[in-house]
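Heads up, the sequence shown is in the working numbering, so the first residue is 369 and it goes up one at a time.
We put the beta carbon where it would ideally sit given N, CA and C, even for glycine.
Here the structure is a predicted model, which is why all the values come from computation and not from measurement.
Some notes on the structure that comes next.
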Amino acid sequence: AFSKLIPKINGSLGGSIIARHTTESYWNGIEAPNSRATVVTVGGGALWNLSFGGISLNIQKPFFVDGAFSGIEGEVDQRVATWQVSLSYRKILESVIPWFDPLKG
369 AFSKLIPKIN GSLGGSIIAR HTTESYWNGI EAPNSRATVV TVGGGALWNL
419 SFGGISLNIQ KPFFVDGAFS GIEGEVDQRV ATWQVSLSYR KILESVIPWF
469 DPLKG
């Protein structure tokens, strides 16, 4: 999170920048024509700690820098307008996996 608790919204704010590059993929030994891409995704969101767990709402906007969807390839009229929205819930469980307890012993 970028911020501490903001009393007005009773939550905190955060952001992210993600860079992802994928190389060529192959299907039965043949290179897929739209598999290579470079994408930069910028996002922001809010996190609320409630009595029953934590809830976050995030919005991300990917920018296609290179490869698939980065521009017009050939004479095909194409355009991509993408937004990603996620809603998540987190809760600390009061149980331990016996063989995975780092505090054991």
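For P430, the enclosing beta strand (DSSP E) covers residues G421 to G435. Counting only residues of its own chain and dropping the five nearest sequence neighbours on each side, T391 has a CB closer than 7 Å to the CB of R404. Contact between the segment 374-384 and the segment 393-402 is absent, with fewer than three C-beta pairs closer than 8 Å.
W416 carries a strand assignment under DSSP once its states are collapsed to helix, strand and coil. If the five residues before and after P430 are omitted, its C-beta is found closer than 6 Å to the C-beta atoms of V407, T409 and T450, all from its own chain and listed in chain order. Taking each of F432, S371 and N426 in turn and checking the Cα distance to R447, the smallest one comes out for F432.
Looking only at Y457, K472, N426 and L471, the smallest Cα-Cα distance to S419 is reached by Y457.
In this structure, L425 and G411 do not form a Cβ contact; the two beta carbons are roughly 11 Å apart against a cut-off of 8 Å.
DSSP places I385 in the uninterrupted beta strand (DSSP E) bounded by S380 to T390.
W467 carries a helical assignment under DSSP once its states are collapsed to helix, strand and coil.
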